[in-house]
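**Q** Chains as they are written, first to last, in this note's numbering: chain A, 1130 to 1458; chain B, 75 to 330. Glycine included, every Cβ here is placed at the ideal spot set by N, Cα and C. Note that the structure is a prediction, hence the values are computed from the model and not measured. Please find one structure pasted underneath; my questions will follow.
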């Protein structure tokens, strides 16, 4: 029995691409960036790590990738302890940081070849891989150009190619599509989906919540250095008890329609905003609108579902922590 | 594992050599021109009136010192500017997140610095042939002293880069420490010409030992016993390597 327990424990541990326990980071100025977080990311997962600015996402990523020294806690990457098996752990990671951190004065292809070399890949093989990833990310034509001459979107793609050139088991993307236009963003999503389908575990932080909703299967939300939610995307979205829809109507109104059980607001004479709770359905709403002689031309969500949940969770936490603050006169 | 170390080290060294080769007009040409001016002004125009020094023409006497001066300043400035540039542009993170051990990162940068120091040293030696007949008395001493000196100043440049927070910080040491010590390190004169106190004071200048050992290798004359020079150079290399590696292991200047 004990054997079975130890075996299953070891198997669970080995199946984790990332295993974090009681991770603390206190900066020299006393700021507690991380306050004892626990996090598990299984092999093969596409995992979202979300949080507001300064919540602790980048510090967590920095510690995992050894760019930031932790204060205390344990971190295992693909079963390797970053304290005692640092280089083995690093070998498993590909990192796409938030800011451009390649040599702007090096040719694009050289950046990838050097990166491969740091992981022990011979130059001939490095060239082959560089060609493969530059072609896949539509940068092959730019291979001889200095990196500084690339556009913002091309630089983002270069960082992804660089992170993949040693074919890591765990790819960490810190805001990979920041400042990238929607067309390139979507092609990057396709590329990342494919990389994940081929077995690469991906951890993604992003400010575009529809990105996380579209790509990720599991999610953790970090706020003020603590994990406040860690579950599957499905379960999290199921928690959403209310959605806000924006309806463009064919008529012009001077006051919002009164519909029993629905909160309505008039944005402008041709646009209504309606809050719908989970126990109400859209058919009933449309029947009411029809009865009132209102015809809907188009409909959209005010914000995406994950965004609403995120704001409610982070807002709730903020309210909770404000409750504990001393109240002045 | 050895193969991995070899590939990683080769990658860093090639990257460093390509870096200074790409900008050869900024890295190789200026020291060659500066040294040529020294040859013309001090060696040819003024030197012809100075006469013999330690039994050699003044031009012959200053050639080893000027070659060594080029090796020192270029190996130092290559590493300090390259590593600080990597910090400033944040591409040092490529190396930090990779499995390359810190000692290998340090070794790679030092070899890169040595490569530039020696490249410039060879170029300056070649230019000196236009002004004087050059020979090498002891090739082993000449080569080892040049290599060790380049390694020493590459390490010093690396430490400077670790602590530097701005481009001003990487020019302070070369301007206010390296250049005065080099000029006062017996490049242009024999310390035997100095009065007692100044001669004793000169012995505290480590560059004096390198210049004299190199001159011993080339011309066969030196103010300092060769063994003392080797001991001092190796001692400094050991100290600087230990300090640089310790700083790198602690992540000083590169990790939060």
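Among B:201, B:230 and B:298, which has the Cα closest to the Cα of residue 282 of chain B?
**A** B:298
**Q** If you draw a straight line from the alpha carbon of residue 1125 of chain A to that of residue 1426 of chain A, how long is it in whole angstroms?
**A** The displayed coordinates of chain A run from 1130 to 1458. Any statement about residue 1125 of chain A would go beyond what the structure contains.
**Q** Comparing alpha-carbon positions, which option in A:1207, A:1170, A:1261 and A:1348 lies nearest residue 1289 of chain A?
**A** A:1261
**Q** Residue 1318 of chain A lies in the alpha helix (DSSP H); which residues open and close that run?
**A** 1311-1326
**Q** Anyone know if the C-beta pair for residue 186 of chain B and residue 153 of chain B falls short of 8 Å?
**A** yes
**Q** Are the Cβ atoms of residue 1199 of chain A and residue 1269 of chain A separated by less than 8 Å?
**A** No, these two residues do not count as a Cβ contact at 8 Å.
**Q** Tell me which residues of the region 161-181 of chain B have at least one Cβ-Cβ distance to chain A shorter than 7 Å, keeping chain order.
**A** 163, 164, 165, 167, 168, 169, 170, 171, 172, 173, 174 and 175
**Q** Does the distance from the CB of residue 1395 of chain A to the CB of residue 1382 of chain A come in under 8 Å?
**A** yes
**Q** Which whole runs of the beta strand (DSSP E) in the region 1336-1363 of chain A are 3 residues long or more, in chain order?
**A** 1347-1352 and 1355-1361
**Q** Spatial neighbours of residue 269 of chain B within its chain, please: CB distance less than 7 Å, with the 5 preceding and 5 following residues excluded, ordered by chain position.
**A** none
**Q** Tell me, to the nearest whole angstrom, how far the beta carbon of residue 146 of chain B is from that of residue 232 of chain B; I am working on the premise that it is less than 8 Å.
**A** That belief does not hold up - the Cβ atoms of residue 146 of chain B and residue 232 of chain B are roughly 14 Å apart, past 8 Å.
**Q** Using the beta-carbon count (16 or more within 10 Å), is residue 284 of chain B buried or exposed?
**A** Buried is the call here.
**Q** Tell me which residues share the same chain as residue 1215 of chain A and place their Cβ nearer than 7 Å to its Cβ, disregarding the 5 neighbours each side in the sequence.
**A** 1195
**Q** For residue 82 of chain B, go through chain A and note every residue whose CB falls closer than 9 Å to its CB, in chain order.
**A** Scanning chain A for C-beta atoms nearer than 9 Å to the C-beta of residue 82 of chain B yields 1246, 1247, 1248 and 1249, reported in chain order.
**Q** Mind the definition here: the region 171-186 of chain B touches the region 256-263 of chain B only if three or more C-beta pairs lie below 8 Å; say whether that holds.
**A** Contact between the region 171-186 of chain B and the region 256-263 of chain B is absent, with fewer than three C-beta pairs closer than 8 Å.
**Q** Under 8 Å between C-beta atoms, does residue 186 of chain B make it to chain A?
**A** no
**Q** Check whether chain A comes within 8 Å of residue 78 of chain B, counting only Cβ atoms and requiring the distance to be less than that.
**A** yes
**Q** For residue 85 of chain B, would you say it is in contact with chain A, using Cβ-to-Cβ distances shorter than 8 Å as the test?
**A** At a cut-off of 8 Å between beta carbons, residue 85 of chain B contacts chain A.
**Q** State the DSSP-derived secondary structure class of residue 1223 of chain A, mapped to helix, strand or coil.
**A** Look at residue 1223 of chain A here: in three-state DSSP terms it is strand.
**Q** Consider the Cβ of residue 151 of chain B: report whether some Cβ of chain A lies at a distance smaller than 8 Å.
**A** no
**Q** Quick check on this structure: which residue in A:1350, A:1272 and A:1146 has the alpha carbon closest to the alpha carbon of residue 1184 of chain A?
**A** A:1350
**Q** Given a threshold of 16 other Cβ atoms within 10 Å of its Cβ, counted over all protein chains shown, does residue 1429 of chain A qualify as buried or as exposed?
**A** Exposed.
**Q** What residues from chain B crowd round residue 1195 of chain A, counting only those whose CB sits closer than 7 Å?
**A** 170 and 171
**Q** Give me the chain B residues within the contact set of residue 1220 of chain A, using Cβ-Cβ distance strictly less than 7 Å, ordered along the chain.
**A** 173
**Q** Does residue 1227 of chain A have its Cβ less than 8 Å from a Cβ in chain B?
**A** Among the residues facing chain B, residue 1227 of chain A is not included, as its CB has no counterpart in that chain under 8 Å away.
**Q** Contact check, residue 198 of chain B vs residue 106 of chain B under 8 Å by CB: the rounded distance?
**A** 6 Å
**Q** Report the residue from A:1221, A:1240, A:1295 and A:1360 whose alpha carbon sits nearest the alpha carbon of residue 1275 of chain A.
**A** Closest in alpha carbon position to residue 1275 of chain A, among A:1221, A:1240, A:1295 and A:1360, is A:1240.
**Q** Can we say the region 1320-1337 of chain A touches the region 1244-1261 of chain A, given the rule of at least three CB pairs closer than 8 Å?
**A** In short, these stretches do not touch, since the Cβ pair count stays below three.
**Q** Would residue 325 of chain B pass as an interface residue toward chain A - the criterion being a Cβ-Cβ separation below 8 Å?
**A** Put simply, the CB of residue 325 of chain B is near chain A, with a gap under 8 Å to one of its CB atoms.
**Q** Any beta-carbon of chain A closer than 8 Å to the one on residue 155 of chain B?
**A** No - not a single Cβ of chain A is within 8 Å of the one on residue 155 of chain B.
**Q** Looking at the unbroken alpha helix (DSSP H) that takes in residue 84 of chain B, where does it start and where does it end?
**A** 76-96
**Q** Around the Cβ of residue 1308 of chain A, are there at least 16 other Cβ atoms within 10 angstroms (buried) or fewer (exposed)?
**A** exposed
**Q** Note down, in chain order, every chain B residue with its Cβ under 7 Å from the Cβ of residue 1224 of chain A.
**A** 171
**Q** At least one CB of chain B closer than 8 Å to the CB of residue 1182 of chain A: is that the case?
**A** no
**Q** Would you list the one or two residues that DSSP bridges to residue 1428 of chain A?
**A** A:1376
**Q** Whose Cβ in chain B lies nearer than 7 Å to the Cβ of residue 1233 of chain A?
**A** 163
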